[in-house]
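Quick notes on the structure that follows.
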Amino acid sequence: GFSWLYLVELVAQGLIAILFLFYWNRILGALVSAALRLFMWQYYDAYFSVQSVHISFLAGRIFFKNVQFISKDEAISIAQGHLTWRYWIKNPRKSRQELEDSHNEDASAAANSQSARFVIHLLGFEVFIFNRSAAFAEIAQILKQHNSASDDTKLSTDSESLASDSDILSSLEEDHNSFSEKKAFSTPEIRIETDSNTHPISPASRKLKNRTRSFFMKFLPVEIKVKKSAVMVGNTTTPTLAIAQSSTSEGLLDIGNPANSLDAYSLFRSIELNSFLFSLKPNVDHIQTRLHVLQSQAQLFAKSRTIWVRLWSAITGRRSQPSEVALSNAWKGLSRYLYDEEELDNDFLLSQNKEYAQSSTVIDSPLVKIATRYDVPGQVPKYTKPTPPGYGPDVGNSGTPPAFDLSVTFHNSTLHYGPWADRQREVFQSFFFPSSYSDPKPHRILVTGDTRVYTQFSVDVAFEGTNILRIPLREASKDLKVASELKEKNEHRIKRPYGWIEAKFETSSSLRYKQSNVITSKGTAANFDLSLLDVEIRSSVNHGLLLKTDKFDINGDISSPLKWNGLHSWIFDFSLDNVQLFLLREHVNLFTDLVTDFGSDKIVQYATFTPFEYFFNFNCSKYELFFSVNEYNVVDVPASLSDNHFAVFRGNELAFNGYLPQKRIRALHNSFSFELTSPDVEVTSHTPDWSSLSSFQDSSYIGRMQNFSINGKYTYSTISLPQETDTLCLDVDSSQVSCVVGGTLLRLFAQLKDNYFGEYIHFQTLDEYMEKTRPNADVKPAPVTKPGTDVLLTLSFDNARAILPTRLYSLKDAIIASFPYFLLDLRFYNFYMDMMCDIGPASLKFFPNILNVDSFCKNYAKENHAEDMFIDGITVHSHRMFGLPPLEPAYVCDWSIELGTISGSTTPQFFSQLGQVKDSLLYRQDDTENSIFSDPIELHDLNILNISIASIEISITLDDYTVEFSTSSISLMRFDLSNPQYDKRL
């Protein structure tokens, strides 16, 4: 008895079992996908699918796999996950709103440690953001309003084109309206409100909102745990893709009471990201990249085609039509002929290594905490009150506006953000937050029944542990040097190292940013406050310490005017406490390259150019500025007080104000104006331990200046060319100046000039110097680079005192020369130097046994002293001419010294002390004990010295005898030009 019914039942039961065990979850997933897809496509224009869904009633879990959500702005995919309803927990975590209503702090602290009823586990969570339709729809609406306003004032000559444009704008407006309706329950966007479209809410809408709120609150708080998450931003129009990823993350979605009782509730979201990494990766699907590949292939095909075309023309005698390659080599204008071939070759070589300062990793942190809060706005009441200060503009919200805050905490993070990353930021900002290039309208004042609006968006960033900010940059000042190296090696591409500036700061550092979300008649307000503690700044110049400070605060006002292309005035206030600065000339070049790199590679069209001006205000307290005066600028151990010789400027207060305009498009030159003031500046000479001066000299005092100020202007070229020269103009003013005029000062001033404005502006290590000076060393001539900086210096000192020491290593015995004013005009160019010095009537007196030079000079003006000698004015003029670079030796030196009437009543001891002053000055100026032994460069220069004295009337008293010495005008001339008869002449 074979039964077909039994066989059919057996096969059916087997198929049902197989279907239930292996395919039931997929069938359920298909049903859920169909239902949700129908709902989301109708209301949100979004696609949704889930591969499989499994429900476990005993475990209280809903499992899902391969979830996809795709809209016109983003795509979300989840590899797998599950939702757990932990019904077995007796006392689950309460929402923030319930805890705030209970007013029990102990219960709140205990509840924060409890687990939530609902938890979501995700594995492989990815978000891809590739568009922002709302922004472009808003621009389309603005353009439509602008076109309609233009139609009222202009004749409709282009009706057809305007009609087509209006059709496009109307379609975009419909997308905007549908988009706004379909995202009624989404998160509020960070956007600028130009006009309020809010209307009173109907009772039915309010009822639906309350019902949705009560249903939504039943599930909160919800815990979210994710493994291997990533967020990617970009599309085919962005050259890079922004990728944020983390290994594990835990978050919490909660609800609480709003900041203002007029609002409905507050939604809190917090997440902790472990092993967080934010990077900018090259976009292989970028349009320009693909066009470049296609163009290269087309050129290769055109070249191969040209061979056959030429062969066919030679056979047939017919000339072919000009090809695309020939057209691409057509006339390009006069720009290519502005420079010579060598400069064009340099541009070509450097273009092969254009973006060498890019760092794909932007943020690397083991732990990042992110928390957001936004209030669901309510209605404006009948009786309103003003918005308190600090909460954005007052638009009639009746008190504090709805809160919209973001807080981020970084732990032991490393940030790489430089000009290249900023250029990528501009690309993303222009696409996802595009500008309409039109003047917006100020926001109207809200009335009773309107929905309250977000007027301010604030971001709080906290740094815990040790954090590092590195700024990679391109060094434009070294372009010509690199180009010469490429020519020597006959290469077109090398791995060029980039420059960098690194700032390390410790825990409790913070950043606060506030931006207005509504536009007023003054424009859009935006400002930030950055506070860094225990800051140490280093650079690629010598990998050593550049700046060290206990606290570094930056307050920036980066507001925008109402007119979109109006002048943007950005103000940055810097405040530093207990500062130590170790500055080399190459640090100045590095910061100049940083400014140049931030402003380069920006293709700004004339129609969309926006002028800027920047104001920089520095305030330092308890500062120490160290300037290297090592011989030949040999720096082996940077910032080491035991190995280097420094000129140190100290004081309690220092103010620096700078102004940098960017008002011209593609300007070849730009200028930076600045002013530096300090009420009291002390100048000392720090000698290293190996120097004999540190063992023998009893004081490192050099001088002191009160009411010190420098007004300067630095004009620089935005491009690096040999014929472009930078210019630095300095006007230095001070009063109550005291200065030790000796060999140490002259040597220090000469080293400062050579190390910062002269021949040795590039520092070198001791090994590098020894390699250059060894016998038969193969020293390559320095490449022809950009000329040095032209310096125009003006000094104006009032009530000055010069201390002339009579001993080699002590200031106890000295001649004090006081004069009412000291004027100096110095012009230092690459080809000549011109100096003019005018000193007021000087009185000289010898003082033995000076215990403290600084205090003595402070009290000198309070006492009356009979001078030993009086000089009625001193005028010094110097002119030097220099040879060819790079050495630029002086070949003509002309000195002219004019002295007024010399008078006085003194003793022979005074003249003996003058002789000791001369011997001390010459010995300390050479400093053979501590100088580096090297063969002096023999310069066959021409020296001309002219000394003129109006008259001399001096009486010398010794015991009971007095000798009077009187002359008329005296003129001396020294001329060392050799001829067949004389070597030198006086």
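For the sequence shown, the working numbering gives the first residue as 249, with consecutive numbering after it. Ideal Cβ positions, reconstructed from N, Cα and C, are used throughout, including at glycine. Keep in mind that this is a model prediction, so the values were computed, not measured.
Closest to Leu1072 by C-alpha separation, out of Asp981, Ala1090 and Arg1055, would be which residue?
Taking each of Asp981, Ala1090 and Arg1055 in turn and checking the Cα distance to Leu1072, the smallest one comes out for Asp981.
Alpha helix (DSSP H) segment containing Pro1235, residue limits:
One cannot answer for residue 1235 here, as it falls past the ends of the chain, which runs 249 to 1234.
Taking Cβ positions, are Leu489 and Gln672 nearer each other than 7 Å?
Contact: no.
Close beta carbons around Val707, own chain, < 6 Å, minus the five adjacent residues each side
Excluding the 5 residues flanking it on each side, Val707 has same chain C-beta neighbours closer than 6 Å at Leu654 and Tyr761, in chain order.
Which residue from Glu972, Val789, Phe1079 and Phe1095 puts its Cα closest to that of His1127?
Across the set Glu972, Val789, Phe1079 and Phe1095, the C-alpha of Phe1079 shows the shortest separation from the C-alpha of His1127.
Between Glu901 and the rest of its own chain, which residues show a CB-CB distance below 7 Å, the 5 nearest in sequence each way excluded?
Scanning its chain for C-beta atoms nearer than 7 Å, with the 5 sequence neighbours on each side dropped, one finds around Glu901 the residues Ser869, Ser926 and Pro927, in chain order.
Where Tyr1069 sits in the DSSP three-state scheme:
Assigned with DSSP and collapsed to three states, Tyr1069 falls in strand.
How long is the line joining the alpha carbons of Asn1097 and Asp1061, rounded to whole angstroms?
Straight-line Cα distance between these residues: approximately 6 Å.
If you draw a straight line from the alpha carbon of Ser823 to that of Arg898, how long is it in whole angstroms?
The straight-line gap from Cα to Cα measures roughly 17 Å.
For Asn483, which of helix, strand or coil comes out of DSSP?
Coil, per DSSP.
Close Cβ partners of Phe427 (< 7 Å) along its chain, the five nearest in sequence each way excluded:
The predicted model places Phe427 with a pLDDT of 42, which falls under 50 and marks its position as unreliable; any figure quoted below should be read in that light. Excluding sequence neighbours, Phe427 sits near Ser381, Ala382 and Ala385.
Nearest neighbour of Asp349, chosen from Lys811, Arg309, Phe944 and Ser509 [CA to CA]
Comparing C-alpha distances from Asp349 to each of Lys811, Arg309, Phe944 and Ser509 shows the shortest one belongs to Ser509.
Measure the CB-CB distance between Asp884 and Leu1014 and report whether it falls below 7 Å.
Yes.
Could you check if Ala260 is buried or exposed, using at least 16 other CB atoms within 10 Å of its CB as the buried criterion?
Exposed, since its Cβ has fewer than 16 Cβ neighbours within 10 Å.
Where DSSP assigns a beta bridge to Val929, which residues make up the other side?
Checking the DSSP bridge columns, you'll see Val929 partnered with Met953.
With DSSP run on the structure shown, which of helix, strand or coil describes Gln606?
In this structure, Gln606 counts as coil in the three-state DSSP scheme.
Mapping DSSP to helix, strand and coil, what is Pro1156?
Here Pro1156 sits in helix by DSSP.
Quickly, what does DSSP pair Asn522 with across the bridge? List them, please.
Paired residue(s): Thr496 and Leu615.
Can you tell which of Trp668, Tyr291 and Leu306 has the C-alpha that lies nearest to the C-alpha of Thr844?
Nearest to Thr844 by C-alpha distance, out of Trp668, Tyr291 and Leu306, is Trp668.
Within a Cβ cutoff of 8 Å, which residues of the same chain sit near Thr648, ignoring the five residues on either side of it in sequence?
If we look at Thr648 and ignore the five residues flanking it on each side, its Cβ neighbours are Ala507, Asn508, Thr635, Pro636 and Tyr639.
May I ask you to report which of helix, strand or coil DSSP gives Leu391?
The three-state secondary structure of Leu391, taken from DSSP, is helix.
Alpha carbon of Val256 to alpha carbon of Ala265, nearest angstrom
About 14 Å.
According to DSSP, is Tyr761 part of a helix, a strand, or is it coil?
DSSP places Tyr761 in strand when its eight states are reduced to three.
Residues near Asn803 in its chain [Cβ-Cβ closer than 6 Å; skip 5 each side]:
Answer for Asn803: Asp777 and Asp821, listed in chain order.
Backbone CA spacing between Ile1150 and Leu996 [nearest angstrom]:
So the alpha carbons of these two residues sit roughly 30 Å apart.
Own chain partners of Pro1068 with C-beta closer than 6 Å, once the 5 adjacent residues on each side are dropped
For Pro1068, same chain residues with a beta-carbon under 6 Å away, outside a window of 5 residues either side, are Gly1088 in chain order.
My assumption, with CB atoms under 8 Å, is that Phe679 sits in contact with Thr486. Please give the rounded CB distance.
With a Cβ gap of about 6 Å, Phe679 and Thr486 count as contacting.
Could you tell me the boundaries of the beta strand (DSSP E) in which Lys313 lies?
Bounds of the beta strand (DSSP E) holding Lys313 are Arg309 to Ile318.
Continuous beta strand (DSSP E) stretch holding His302: start and end
Annotation for His302: the continuous beta strand (DSSP E) segment containing it runs Tyr295 to Ser304.
Asp805 vs Ile819 beta-carbon contact at 7 Å
Taking 7 Å as the Cβ cut-off, Asp805 and Ile819 qualify as a contacting pair.
Take Gly792 and list the residues in its own chain whose beta-carbon comes closer than 6 Å to its own, dropping the five residues that flank it on each side.
So the list reads Pro886 and Ala887, once near-sequence residues are dropped.
Gly906 bridges to which residues according to DSSP?
Partner(s): Phe864 and Phe922.
Among Ile749, Leu781, Met1081 and Tyr1057, which residue has its Cα nearest to the Cα of Ser942?
When only C-alpha atoms are compared, the closest one is Tyr1057.
What residues are listed by DSSP as bridge partners for Lys799?
DSSP lists Leu781 and Asp825 as partners of Lys799.
Endpoints, alpha helix (DSSP H) assigned at His1235
The structure shown has nothing for residue 1235, since the chain only spans 249 to 1234.
What are the boundary residues of the alpha helix (DSSP H) that includes Val709?
Unbroken run through Val709 is the beta strand (DSSP E), Gln704 to Glu712; no alpha helix (DSSP H).
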